[in-house]
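Trainee: Right, I'll just put the structure down here and ask away after.
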Amino acid sequence: MKWPAMGYARVDSLDELWRALDAAGPEAQILAGGQSLLATLSFRLSEPSGLFDITRIAALRGVSVSGSTLRIGALTRHAELGSDPLVAAHAPLLAKAAPLIAHPAIRNRGTIGGSLALADPAAELPACVVALDATIVIASKGGERRVPAADFFQGLFSTDLQPGEIIAAVEVPVATAASRQTIVEVTRRSGDYAMAGLAAVLSVQANGQVETARLVYFGVGSGAEIAGGASAALVGRPLDDASIAAAQAALTDDLDPPGDLHGGPELKRHLARVLTGRALSSFLAPAEQAA
Amino acid sequence: MNRRIDITLTVNGERVSRSVDTRIHLIDFLRGELGLTGAHTACEHGVCGACTVRVDGDAVRGCLVLAASLDGAAVETIEGLSDSGEIRDLQEAFVARNAAQCGYCTPGMLVTAADILTQAPNASREEIREHISGNYCRCTGYQAIVDAVEDTLTARRTREAVR
Ligand SMILES: Cc1cc2nc3c(=O)[nH]c(=O)nc-3n(C[C@H](O)[C@H](O)[C@H](O)COP(=O)(O)OP(=O)(O)OC[C@H]3O[C@@H](n4cnc5c(N)ncnc54)[C@H](O)[C@@H]3O)c2cc1C
Chain A
1382 MKWPAMGYAR VDSLDELWRA LDAAGPEAQI LAGGQSLLAT LSFRLSEPSG
1432 LFDITRIAAL RGVSVSGSTL RIGALTRHAE LGSDPLVAAH APLLAKAAPL
1482 IAHPAIRNRG TIGGSLALAD PAAELPACVV ALDATIVIAS KGGERRVPAA
1532 DFFQGLFSTD LQPGEIIAAV EVPVATAASR QTIVEVTRRS GDYAMAGLAA
1582 VLSVQANGQV ETARLVYFGV GSGAEIAGGA SAALVGRPLD DASIAAAQAA
1632 LTDDLDPPGD LHGGPELKRH LARVLTGRAL SSFLAPAEQA A
Chain B
7 MNRRIDITLT VNGERVSRSV DTRIHLIDFL RGELGLTGAH TACEHGVCGA
57 CTVRVDGDAV RGCLVLAASL DGAAVETIEG LSDSGEIRDL QEAFVARNAA
107 QCGYCTPGML VTAADILTQA PNASREEIRE HISGNYCRCT GYQAIVDAVE
157 DTLTARRTRE AVR
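Line by line, the protein sequences give chains A and B.
In terms of this note's numbering, the first sequence is residues 1382 to 1672.
In terms of this note's numbering, the second sequence is residues 7 to 169.
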């Protein structure tokens, strides 16, 4: 369907955005890459009075490292996430996630801020930022506030963002020599949203013991689901077949997947177990990996 | 908020100024305002890839770009890519391999495949498939399209080696 009649304005700075949002009222929306918003307009799922295009706001761009924090501007496109050397060095999980999101032409425009604000339950990036224990930097007329990613997401397509607030950036603790990061998913077709997926971030000591673990599943619940039991099953143990099996067993209590177009809860549980095995075995030395 | 916006952009290297309705996407602008009918309107929600064109050098879904947002942009369509000769060999390979049947997906497929030629000159068949996975073709079964892209890559590598 064609888009509804609506206004459009490009804003060039945050100050201009705050003024524009004040004047426009709650029916106006922010437009970033447009790769979800404009598609939903085609379905007339929403009919905003107007769109404020934030893509030229310089303060929302760029990737930088300061101390032990990697800052990723909200306007960073998925394609940039996949090619940026700082992201590859300091948050390899995000670099690995980028090629799994949609298709090249969509990755050339879709942004991390848009993906996090949308909070699609099957999206890669919300799960990644939760697994990385990242912080969402939220900006508004009143200034900035910071929210841990795990608290930012509040269920199906819902977040802690209040009217008048936007995501300005994501701050990720930089990877250390001990961190192991990976993302795996199952899709019917390349580029589709995941039927089930897992973003896994572990810290493994030199003696092979798992120090911390965050296993975060997507496509199997109402959002990025932290599997507390499965994560705990790994901590304090060496990563091996036995601890991986323990994590897989713990998933039964961690996840309560709803059925969807792809299949029922049992299918999702099965996929989550399989993905857990794949992700964790990828951290084992090649000799230990099951053939 | 404005429901019409004045934009000036370049399309296939030519400067264009228009006043556009804010609710139209890039493809309706190209087809309706400029008469460039190469890029096709199909699913209009980003899934099929028939509307793939370039904006500022990047392949994008034309149906998910507001025309009003393009002030200052450089747009390239299949018409421009054909005229410049950039993908002449790829187009010839599409013909040789019968990679177009009804042809509806072909302009978007070519714009997408053009990226592979520059970004991944050594792409395997698997990688070619992955790269074009967002462009749907309901006729060919993709085999002939992958063949055409692979032939072009091989021929370009051979030419490069001879040089
Ligand atoms: C065919 C197709 C396949 C896709 N497949 C996948 C997939 O496999 N995985 C996946 O994760 N995504 C997928 N996507 C969605 C894509 O990743 C989007 O780019 C992303 O979800 C939204 O980012 P955007 O910049 O395009 O946001 P927009 O579409 O511009 O905005 C989305 C929402 O976020 C709000 N918003 C945007 N930026 C901000 C900000 N900085 N602060 C506050 N609010 C903001 C907007 O107001 C809007 O409500 C797919 C899209 C398409 C069309």
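Beta carbons: idealized from backbone N, C-alpha and C, even for Gly.
The beta strand (DSSP E) spanning A/Q1586 covers which residue range?
Mentor: Residue numbering aside, residue 1586 of chain A sits at position 205 when the first sequence is read from its first letter. Neither: A/Q1586 is in no beta strand (DSSP E) and is coded neither H nor E.
Trainee: With burial defined as no fewer than 16 other Cβ atoms inside 10 Å of the residue's Cβ, what is the status of B/G52: buried or exposed?
Mentor: For the purposes of this step, residue 52 of chain B is identified with residue 46 of the second sequence, where counting begins at 1. So B/G52 ends up on the buried side.
Trainee: Does any C-beta atom of chain B lie closer than 7 Å to the C-beta of A/A1672?
Mentor: Taking the first residue of the first sequence as 1, we reach residue 1672 of chain A at position 291. Note that A/A1672 scores 47 on pLDDT, short of 50, meaning its location in the model is unreliable; the coordinates nonetheless yield the value given after this. By this cut-off, A/A1672 is not an interface position.
Trainee: Suppose contacts are defined by Cβ-Cβ distances below 7 Å. Is A/S1603 in contact with A/G1536 by that definition?
Mentor: For this step, residue 1603 of chain A is matched to residue 222 along the first sequence. For this step, residue 1536 of chain A is matched to residue 155 along the first sequence. For A/S1603 and A/G1536, yes; Cβs fall inside 7 Å.
Trainee: Return the residue from the list A/A1440, A/D1501 and A/A1559 that minimises the CA-CA distance to A/M1576.
Mentor: To locate residue 1576 of chain A, count along the first sequence from 1; it is residue 195. The shortest Cα separation from A/M1576 among A/A1440, A/D1501 and A/A1559 belongs to A/D1501.
Trainee: Determine whether the Cβ of B/N18 lies closer than 7 Å to any Cβ atom of chain A.
Mentor: Counting from 1 along the second sequence, the entry for residue 18 of chain B is found at position 12. B/N18 does not count as touching chain A.
Trainee: Compute the distance between the beta-carbons of A/V1555 and A/L1451, then report whether it is under 7 Å.
Mentor: The count along the first sequence starts at 1 and reaches residue 1555 of chain A at position 174. The count along the first sequence starts at 1 and reaches residue 1451 of chain A at position 70. In contact: A/V1555 and A/L1451 (Cβ atoms closer than 7 Å).
Trainee: Could you compute how far the alpha carbon of A/L1508 sits from the alpha carbon of A/L1497?
Mentor: Counted from its first residue, the first sequence places residue 1508 of chain A at position 127. Counted from its first residue, the first sequence places residue 1497 of chain A at position 116. Contrary to the premise, residue 1508 of chain A reads as Ala rather than Leu in this sequence. Straight-line Cα distance between these residues: approximately 9 Å.
Trainee: When the distance is taken between beta carbons, is A/V1591 closer than 7 Å to A/V1565?
Mentor: On the first sequence, position 184 is the one that residue 1565 of chain A refers to. On the first sequence, position 210 is the one that residue 1591 of chain A refers to. Cβ distance not < 7 Å, so A/V1565 and A/V1591 don't count as in contact.
Trainee: Using a cut-off of 9 Å between C-beta atoms, extract the partners of B/H46 located in chain A.
Mentor: Residue numbering aside, residue 46 of chain B sits at position 40 when the second sequence is read from its first letter. Per Cβ cutoff of 9 Å: no residues; B/H46 is ~14 Å from chain A at best.
Trainee: Compute the Euclidean distance between the alpha carbons of B/T160 and B/I30, then round it to the nearest angstrom.
Mentor: For the purposes of this step, residue 160 of chain B is taken as residue 154 along the second sequence, with counting starting at 1. For the purposes of this step, residue 30 of chain B is taken as residue 24 along the second sequence, with counting starting at 1. Near 40 Å, if we compare the C-alpha coordinates of B/I30 and B/T160.
Trainee: Does DSSP put A/P1466 in a helix, a strand or coil?
Mentor: Within the first sequence, residue 1466 of chain A is the residue found at index 85, counting from 1. Helix at A/P1466.
Trainee: Please classify B/E98: does DSSP put it in a helix, a strand, or coil?
Mentor: Mapped onto the second sequence, residue 98 of chain B falls at position 92. If DSSP states are grouped into helix, strand and coil, B/E98 belongs with the helices.
Trainee: How about A/H1651: is its C-beta nearer than 7 Å to some C-beta of chain B?
Mentor: For the purposes of this step, residue 1651 of chain A is taken as the residue at position 270 of the first sequence. No, because no Cβ of chain B sits closer than 7 Å to the Cβ of A/H1651.
Trainee: Is B/A80 a contact residue of ligand 1, with contact defined as CB to any heavy atom under 6 Å?
Mentor: In the second sequence, counting from the first residue as 1, residue 80 of chain B sits at position 74. Not so, every heavy atom of ligand 1 lies at least 6 Å from the Cβ.
Trainee: So what's B/Q149 in DSSP terms, helix, strand or just coil?
Mentor: Sequence index remark: in the second sequence, residue 149 of chain B carries index 143 (1-based). The answer is helix: DSSP assigns B/Q149 an H, G or I state.
Trainee: Leaving aside the five residues before and after A/S1539 along the sequence, list all residues of the same chain whose C-beta is less than 7 Å from its C-beta, in chain order.
Mentor: Residue mapping note: residue 1539 of chain A aligns to position 158 of the first sequence, counting from 1. Answer for A/S1539: A1500, listed in chain order.
Trainee: Is the Cβ-Cβ distance between B/G114 and B/G55 less than 7 Å?
Mentor: Within the second sequence, the letter at position 108 stands for residue 114 of chain B. Within the second sequence, the letter at position 49 stands for residue 55 of chain B. Yes, Cβ-Cβ distance for B/G114 and B/G55 is below 7 Å.
Trainee: Hey, is A/A1401 close to ligand 1, as in C-beta under 6 Å from one of its heavy atoms?
Mentor: The count along the first sequence starts at 1 and reaches residue 1401 of chain A at position 20. False, no ligand heavy atom lies under 6 Å from that Cβ.
Trainee: Per DSSP, which residues does A/Y1389 bridge with? Please list them.
Mentor: Along the first sequence, read from residue 1 onward, the residue named residue 1389 of chain A stands at position 8. Beta-bridge pairing links A/Y1389 to A/L1432.
Trainee: Could you work out which residue in B/T112, B/I138 and B/I11 is closest to B/D121 when comparing CA atoms only?
Mentor: Within the second sequence, residue 121 of chain B is the residue found at index 115, counting from 1. Here the closest residue by C-alpha is B/I138.
Trainee: With a threshold of 16 other CB atoms inside 10 Å of the CB of A/D1634, please say whether the residue is buried or exposed.
Mentor: Indexing the first sequence from 1 puts residue 1634 of chain A at position 253. With fewer than 16 Cβ atoms within 10 Å of its Cβ, A/D1634 is classed as exposed.
Trainee: What first and last residue would you give for the alpha helix (DSSP H) that runs through A/I1487?
Mentor: Looking up residue 1487 of chain A in the first sequence gives position 106. It spans P1485 to R1488 - the alpha helix (DSSP H) in which A/I1487 sits, taken as one unbroken run.
Trainee: I'd like the list of long-range same chain contacts for A/K1649, defined as Cβ closer than 7 Å, with 5 residues on each side in sequence excluded.
Mentor: In the first sequence, residue 1649 of chain A corresponds to position 268, counting from 1. Excluding positions up to five away in sequence, the list reads A1577, V1601 and P1638.
Trainee: State the Cα-Cα distance for the pair A/L1596 and A/A1531, rounded to the nearest angstrom.
Mentor: As a position in the first sequence, residue 1596 of chain A is number 215, starting the count at 1. As a position in the first sequence, residue 1531 of chain A is number 150, starting the count at 1. Approximately 12 Å, taken between the alpha carbons.
Trainee: 7 Å is my cut-off, CB to CB: does A/L1419 come that close to chain B?
Mentor: As a working mapping, residue 1419 of chain A is identified with position 38 in the first sequence. Judged by the 7 Å Cβ criterion, A/L1419 is in contact with chain B.
Trainee: Starting from A/I1547, follow its DSSP beta bridges and name the residues at the other end.
Mentor: As a first step, residue 1547 of chain A is located in the first sequence; it is residue number 166 there, counting from the start. A/A1520.
Trainee: Is any non-hydrogen atom of ligand 1 found closer than 6 Å to the C-beta of A/I1548, if you look at the structure I gave you?
Mentor: If you number the first sequence from 1, residue 1548 of chain A lands on position 167. Yes, the Cβ of A/I1548 comes within 6 Å of a heavy atom of ligand 1.
Trainee: So, for A/F1424: in the same chain, excluding its five sequence neighbours on each side, which residues have a beta-carbon less than 8 Å away from its beta-carbon?
Mentor: In the first sequence, residue 1424 of chain A corresponds to position 43, counting from 1. So the qualifying residues of the chain are M1382.
Trainee: May I ask whether a heavy atom of ligand 1 can be found less than 6 Å away from the beta carbon of A/L1412?
Mentor: By 1-based counting over the first sequence, the position of residue 1412 of chain A is 31. Yes, the Cβ of A/L1412 comes within 6 Å of a heavy atom of ligand 1.
Trainee: Please confirm if A/D1641 has its CB atom under 7 Å from at least one CB of chain B.
Mentor: Here residue 1641 of chain A is taken as the residue at index 260 of the first sequence, counted from 1. No, no contact with chain B.
Trainee: Just to check, is the beta-carbon of A/E1505 closer than 6 Å to a non-hydrogen atom of ligand 1?
Mentor: The count along the first sequence starts at 1 and reaches residue 1505 of chain A at position 124. Yes; taking the cut-off as 6 Å, the Cβ of A/E1505 has a heavy atom of ligand 1 nearer than that.
Trainee: Can you tell which of A/D1641, A/H1643 and A/A1614 has its C-alpha closest to the C-alpha of A/Q1629?
Mentor: Position 248 of the first sequence holds residue 1629 of chain A. Selected option, being the one with the closest Cα: A/A1614.
Trainee: Measure the Cβ-Cβ separation of B/R60 and A/A1486 and say whether it is below 7 Å.
Mentor: Within the second sequence, residue 60 of chain B is the residue found at index 54, counting from 1. Within the first sequence, residue 1486 of chain A is the residue found at index 105, counting from 1. Cβ distance not < 7 Å, so B/R60 and A/A1486 don't count as in contact.
Trainee: List the DSSP bridge partners of B/V66.
Mentor: In the second sequence, counting from the first residue as 1, residue 66 of chain B sits at position 60. Paired residues: B/V59.
Trainee: Should A/K1522 be labelled buried (16 or more other beta-carbon atoms within 10 Å of its own) or exposed?
Mentor: Numbered from 1 along the first sequence, position 141 holds the residue referred to as residue 1522 of chain A. Classification of A/K1522: exposed, given that the 10 Å Cβ count is below 16.
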